[in-house]
Amino acid sequence: MSASVDSYFGMHEAALRLRAARAETIASNLANADTPNYQARDIDFKALMSEYQGTAGGASLRTTNSRHLNTTGDLGNPEAMYRVPNQPAVDGNTVDSQTEKAAFMENALQYQATLRFIDGQIKTLRSAIRGD
Amino acid sequence: MSMFKIFDVAGSAMSAQSTRLNVTASNLANANSVSSSIDQTYRARQPVFAAMLNDESGQSGMGEAVGVQVRGIVESQAPLQTQYAPDHPMADENGYIHMPNVNVVEEMANMISSSRSYQTNVEVVNTAKQLMMRTLTMGQ
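Just so you know, the protein sequences line up as chains A and B, in that order.
Residues in the first sequence are numbered from 1 upward in steps of one, following the working numbering.
Residues in the second sequence are numbered from 1001 upward in steps of one, following the working numbering.
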């Protein structure tokens, strides 16, 4: 087990932050479902997570030049990307309510799953401390 | 916790949609309000929605929530309906009455659309609240 409680949760802590950010982005899409010229956005969770794992895991890259990419395991501030519309609207809005609702519910479930993982880790830690 | 912003965003959307519903109700209520002069005739109103973007570039990074605002309410410039009804008590000296340019079918569609959007945002708030509650009781 890791020495610090902060790193104990590992990727789940980062995943929870990403899930919360994604929930916010999709909530913005749903809120602007009737706003003209609004472009729906989303976060590429998989890409961001693998980026995090590549940098936070033991095998981080050695930087020998100041122009090398930062590999300190930080999520940084990745840009939300625009969704590719499958039904263009006359007013320039690219929100598909049904897709967004499904994505929001999916994200909420995954958020709860991540919470469960962290919950389990806390329980493990607690039983280790108590020793019962 | 960035999730608190969801309440602001969904709240702004609910407020905008209820404004839209109000305007629709006003249009439907006045769909048959005849008058004897063009200037006094009711004209259909429509709210104008706009996204509340944070920075001037219009691009936002991860997790930057974008709410909705009602920019204003515009009156429709569609031609009014004029009807020849000399027996009508509101008829002008030539025997014409002027009726509003409210399209009832369009307004009904608007009403359904805004009520559905409102419902969606209520669901979003409920889900976000549930997630926050779960997060608060984490490790208990």
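Where is the CB? At the ideal position from N, CA and C, for every residue including glycine.
Fair warning: this is a prediction, and the values are worked out from it, not measured in the lab.
Report, in whole angstroms, the separation of the C-beta atoms of residue i and residue j, which I expect to be a contact under 8 Å.
i: A:LEU16; j: A:THR114; result: 5 Å
i: A:GLU100; j: A:ALA40; result: 7 Å
i: A:ASN86; j: A:ASP96; result: 6 Å
i: B:ILE1006; j: B:ALA1051; result: Contact flag wrong, Cβ pair sits at about 16 Å.
i: B:GLU1142; j: B:THR1024; result: Residue numbering for chain B in the displayed model covers 1001 to 1140; residue 1142 of chain B lies beyond these limits and cannot be assessed.
i: A:ILE26; j: A:ASP42; result: 7 Å
i: A:ASN93; j: A:TYR38; result: 5 Å
Give a yes or no on whether 8 Å exceeds the smallest Cβ distance from residue i to chain A.
i: B:SER1018; result: no
i: B:THR1135; result: yes
i: B:THR1127; result: yes
i: B:SER1057; result: Confidence at B:SER1057 is low in this model, with a pLDDT of 47, below 50, so its placement is unreliable and the value that follows should be read with caution. Not an interface residue.
i: B:MET1138; result: yes
i: B:ILE1006; result: yes
i: B:SER1113; result: yes
i: B:GLN1077; result: no
Counting only beta-carbon atoms, is residue i nearer than 8 Å to chain B?
i: A:THR99; result: no
i: A:SER28; result: yes
i: A:THR94; result: no
i: A:GLY58; result: In this predicted model, A:GLY58 has a pLDDT of only 49, less than 50, meaning its place in the structure is not dependable; the value taken from the coordinates is given anyway. No - not a single Cβ of chain B is within 8 Å of the one on A:GLY58.
i: A:ASP119; result: yes
i: A:GLY131; result: no
Would you mind telling me which residues of chain B sit closer than 8 Å to residue i, beta carbon to beta carbon, in chain order?
i: A:SER65; result: Note that residue 65 of chain A is Asn in the sequence shown here, rather than Ser. Here the premise fails: no neighbours, minimum Cβ distance about 26 Å.
Give me the chain A residues within the contact set of residue i, using Cβ-Cβ distance strictly less than 9 Å, ordered along the chain.
i: B:SER1012; result: ALA31
Who are the neighbours of residue i on chain B, taking C-beta pairs under 9 Å?
i: A:GLN112; result: GLN1130, LEU1131 and ARG1134
i: A:TYR38; result: PHE1049, ALA1050, ALA1051, VAL1066 and VAL1068
Does residue i get closer than 8 Å to chain C when you measure Cβ to Cβ?
i: A:GLY131; result: Looking for chain C here will not work: the only protein chains present are A and B.
Anything in chain A within Cβ reach of residue i, meaning under 8 Å, just list it in chain order.
i: B:VAL1124; result: ALA27, LEU30, ALA31 and PHE104
i: B:VAL1104; result: The premise fails here: B:VAL1104 is roughly 20 Å from chain A at the closest Cβ pair, so nothing lies under 8 Å.
i: B:THR1120; result: LEU30, ALA33, SER97 and LYS101
i: B:VAL1009; result: GLU24, ALA27, SER28 and ALA31
Can you pull the chain A neighbours of residue i, defined as C-beta to C-beta under 7 Å?
i: B:SER1117; result: ALA33 and ASP34
Applying a beta-carbon distance threshold of less than 7 Å, which residues of chain B neighbour residue i?
i: A:ALA108; result: THR1127 and LEU1131
Practice item. Determine, using beta-carbon pairs with one atom in the stretch 1123 to 1131 of chain B and one in the stretch 1062 to 1073 of chain B, whether at least three such pairs fall under 8 Å. Key: Judged by Cβ distances under 8 Å, the stretch 1123 to 1131 of chain B makes no contact with the stretch 1062 to 1073 of chain B, as fewer than three pairs qualify.
Check your understanding: Which residue spans inside the stretch 1048 to 1129 of chain B form an unbroken beta strand (DSSP E) run of at least 3?
Key -> Counting only runs of 3+ residues, the beta strand (DSSP E) found wholly inside the stretch 1048 to 1129 of chain B occupies 1067 to 1075, 1081 to 1084 and 1096 to 1099, in chain order.
Exercise for review: May I ask you to verify whether the stretch 1098 to 1111 of chain B touches the stretch 1072 to 1089 of chain B, counting CB pairs closer than 8 Å and requiring at least 3?
Suggested key: Cβ pair count under 8 Å is three or more, so yes.
Exercise for review: Would you be able to state if there are at least three C-beta pairs under 8 Å between the stretch 114 to 125 of chain A and the stretch 1034 to 1047 of chain B?
Suggested key: Result no; under three Cβ-Cβ pairs closer than 8 Å.
Check your understanding: Is the stretch 122 to 131 of chain A touching the stretch 1105 to 1124 of chain B, taking contact as three or more C-beta pairs under 8 Å?
Key -> A contact is defined here as three or more CB-CB pairs under 8 Å, and the stretch 122 to 131 of chain A fails this definition with respect to the stretch 1105 to 1124 of chain B.
Exercise for review: Kindly provide the ranges of any alpha helix (DSSP H) runs that are 4 or more residues long and lie completely inside the stretch 21 to 45 of chain A, ordered along the chain.
Suggested key: With a minimum length of 4 residues, no continuous alpha helix (DSSP H) run stays inside the stretch 21 to 45 of chain A.
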